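In the numbering used here, the protein residues as written are 486 to 591.
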């Protein structure tokens, strides 16, 4: 009978460890509260890629005309100054509003 009690206690403890956090946080059906963070930058896709690049820290942004496949795929190019103060060419994906790459500008 003692072994049965130990087994039952171990099973109950395991169940509590597995299910406890999910039940305590009420993770199902409730959205987490948004906590404002000082200095936070909203990086959701914007209608204007230049606004997104500015939010990422780029300045002196100048668009470059994309040609061929890059233009058809929604890849945009910009000459800009990065956070380190270096002049760079930025490759930007218009669909995901993300910087794909950065090369020194010539």
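Don't be surprised by glycine CBs; every beta carbon is placed ideally from N, CA and C. These numbers were taken from a predicted model, which means no experiment stands behind them.
Quick check on residue 533: does DSSP put it in helix, strand or coil?
Of the three classes helix, strand and coil, the one that applies to residue 533 here is coil, per DSSP.
Let me make sure I understand the geometry here. Which of 565, 571, 494 has the alpha-carbon closest to that of residue 535?
Ranking 565, 571, 494 by Cα distance to residue 535 puts 565 first.
If you draw a straight line from the alpha carbon of residue 569 to that of residue 580, how long is it in whole angstroms?
Taking the straight line joining both Cα atoms gives about 26 Å.
Member of 543, 583, 547, 574 whose CA lies at the smallest distance from the CA of residue 559
Proximity to residue 559 across 543, 583, 547, 574 peaks at 583, based on C-alpha coordinates.
Mapping DSSP to helix, strand and coil, what is residue 570?
Residue state, collapsed to three classes: coil.
Grouping DSSP H, G and I as helix and E and B as strand, with all else coil, what is residue 541?
Coil.
C-alpha distance - residue 537 paired with residue 491, whole-angstrom precision
Taken atom to atom, the span from the alpha-carbon of residue 537 to that of residue 491 is near 59 Å.
By the three-class DSSP mapping on this structure, what secondary structure does residue 559 have?
Three-state result, residue 559: coil.
At the level of alpha carbons, what is the spacing between residue 588 and residue 552?
If you draw a straight line from the Cα of residue 588 to the Cα of residue 552, it comes to about 18 Å.
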